[in-house]
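A short worksheet on the structure shown next.
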Amino acid sequence: MPRRSILSAAERESLLALPDTKDELIRHYTFSDCDLSIIRQRRGPANRLGFAVQLCYLRFPGVILGVGEPPFPPLLRLVANQIKVGVESREEYGQREQTRREHLVELETVFGFQTFTMSHYRQAVQLLTELAIQTDKGIVLASALIEHLRRQSIIVPALSAVERASAEAITRANRRIYEALAESLSDAHRGRLEDLLKRRDNGKTTWLAWLRQSPAKPNSRHMLEHIERLKAWHALDLPSGIERLVHQNRLLKIAREGGQMTPADLAKFEPQRRYATLVALAIEGMATVTDEIINLHDRILWASSSMTPRRSTNSSSRHPARRSTLRCACTGASGRR
Numbered sequence: 156m157p158r159r160s161i162l163s164a165a166e167r168e169s170l171l172a173l174p175d176t177k178d179e180l181i182r183h184y185t186f187s188d189c190d191l192s193i194i195r196q197r198r199g200p201a202n203r204l205g206f207a208v209q210l211c212y213l214r215f216p217g218v219i220l221g222v223g224e225p226p227f228p229p230l231l232r233l234v235a236n237q238i239k240v241g242v243e244s245r246e247e248y249g250q251r252e253q254t255r256r257e258h259l260v261e262l263e264t265v266f267g268f269q270t271f272t273m274s275h276y277r278q279a280v281q282l283l284t285e286l287a288i289q290t291d292k293g294i295v296l297a298s299a300l301i302e303h304l305r306r307q308s309i310i311v312p313a314l315s316a317v318e319r320a321s322a323e324a325i326t327r328a329n330r331r332i333y334e335a336l337a338e339s340l341s342d343a344h345r346g347r348l349e350d351l352l353k354r355r356d357n358g359k360t361t362w363l364a365w366l367r368q369s370p371a372k373p374n375s376r377h378m379l380e381h382i383e384r385l386k387a388w389h390a391l392d393l394p395s396g397i398e399r400l401v402h403q404n405r406l407l408k409i410a411r412e413g414g415q416m417t418p419a420d421l422a423k424f425e426p427q428r429r430y431a432t433l434v435a436l437a438i439e440g441m442a443t444v445t446d447e448i449i450n451l452h453d454r455i456l457w458a459s460s461s462m463t464p465r466r467s468t469n470s471s472s473r474h475p476a477r478r479s480t481l482r483c484a485c486t487g488a489s490g491r492r
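Just so we're aligned: 472 in our numbering is position 317 of the sequence shown, and the numbers increase by one with no gaps anywhere.
Next up, the structure:
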């Protein structure tokens, strides 16, 4: 089964995009005196231009210009002006494949470029795993890897290898996140979390589905029902500070993904992932229910004020205190905000 892509077509194209402004071209492709001295050692204008253009591509975006692939015209003109040859001489370059291979060997030797190896791949996965603990956005990971390779003068491999290393890092980071959340749980915690996937006494919905229901209308019945939801979340009695064990971005992502799944789907997860997902849903659920209770309270007061305009002045003067009291009560009940 093919691996699911973590990059869009536009993101892949952006990773190795060439500079498109004059200032960026000058910043990336201006040669030093040492560079020019080495370039001038090539025989003939075609070889000097071809060698110099390949040097530019190796430095940024960090790749080898392919056989028969035309160089970016603005880059070609900038290079030709610096080494004082005509751009038309580029057409004569590479007529002998051996010359091109020899130039690549010289560029690697003289300027310290390295070919991407399996050792580099393993190092890349290890490096990206630390970043993937914070985010699982493929473009962020792939961009970070390519920047790292450029700094180390390592030739960027095919984007499929970059994407594969990023995907493997995400998988490893996911395992570490699941372990961090699940290993802090006692057997009692696990049992209470598993109960969320069971049906309530009325048999219509699971506890998890009921806990995640939003209130319909702003009335006292729905307010009391939502307070019961908050109490049920709080009754899980999760370890203090568990929400700080992983990066907030990843915690929210796990909760969002878990919220899109049915209890039956969650039950099929391997244990650590299931417990981690339920923990994330509980943390997110307590915060959401608290906010919704406060919102319900405000809407009920607003509706009450609208129906009794003669008492609006007195009511509005009391609303801030009521709202503050309710927020404190909800915060105390949930144990976290």
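Every residue gets a Cβ at the ideal spot worked out from N, C-alpha and C, and that includes glycine. Quick caveat: nothing in here was measured; it's all calculated off a predicted structure.
Simplified DSSP assignment, three categories, for residue i
i           : result
residue 232 : helix
residue 309 : strand
residue 278 : helix
residue 269 : strand
residue 200 : helix
residue 441 : helix
residue 423 : coil
residue 402 : coil
residue 162 : coil
residue 329 : helix
residue 195 : coil
residue 172 : coil
residue 378 : helix
residue 373 : coil
residue 392 : coil
residue 339 : coil
residue 367 : coil
residue 430 : helix
residue 289 : coil
residue 187 : coil
residue 219 : coil
residue 206 : helix
residue 241 : coil
residue 248 : coil
residue 415 : coil
residue 383 : helix
residue 224 : coil
residue 397 : helix
Residue(s) in a DSSP beta bridge with residue i
i           : result
residue 361 : 354
From the options, residue whose alpha carbon lies closest to that of residue i
i           : options            : result
residue 275 : 259, 254, 305, 262 : 305
residue 366 : 260, 437, 400, 233 : 437
residue 217 : 459, 302, 203      : 302
residue 395 : 196, 339, 308, 296 : 339
residue 569 : 227, 198, 313      : With the chain represented from 156 up to 492, any question about residue 569 goes unanswered, as that position is not in the structure.
residue 324 : 278, 359, 364      : 278
residue 281 : 296, 268, 270, 342 : 296
residue 388 : 309, 444, 171, 246 : 444
residue 177 : 348, 446, 401, 232 : 232
residue 207 : 167, 242, 391      : 242
residue 450 : 393, 373, 426      : 373
residue 425 : 414, 452, 349      : 349
residue 251 : 401, 202, 440      : 202
residue 342 : 455, 391, 247, 213 : 391
residue 198 : 247, 170, 168, 212 : 247
residue 173 : 194, 404, 211, 195 : 211
residue 414 : 440, 401, 360, 405 : 440
residue 284 : 300, 270, 448      : 300
residue 384 : 412, 368, 358, 259 : 368
residue 213 : 311, 376, 422, 402 : 311
residue 446 : 378, 458, 409, 407 : 378
residue 171 : 195, 209, 215, 386 : 215
residue 273 : 205, 309, 375      : 309
residue 194 : 179, 259, 181      : 259
Any C-beta of chain C under 9 Å from that of residue i
i           : result
residue 326 : Absent from the structure: chain C. Only one protein chain is present.
Closer than 8 Å: residue i CB and nearest the ligand PLP heavy atom
i           : result
residue 211 : With respect to small molecules bound, the structure shown includes none, and the ligand PLP cannot be examined in it.
Touch check for the region 236 to 244 and the region 179 to 194: three-plus C-beta pairs under 8 Å?
-> yes
Say whether the region 158 to 167 touches the region 308 to 322, bearing in mind that this needs 3 or more beta-carbon pairs closer than 8 Å, one atom from each stretch.
-> yes
Any contact of the region 327 to 339 with the region 429 to 445, i.e. 3+ C-beta pairs under 8 Å?
-> yes
Count the CB pairs spanning the region 253 to 272 and the region 212 to 222 that are closer than 8 Å, and state whether there are at least three.
-> yes
For the region 283 to 301 against the region 261 to 268, are there 3 or more C-beta pairs whose distance is under 8 Å?
-> no
Sufficient close CB pairs (3 or more, under 8 Å) joining the region 410 to 420 to the region 354 to 370 | yes
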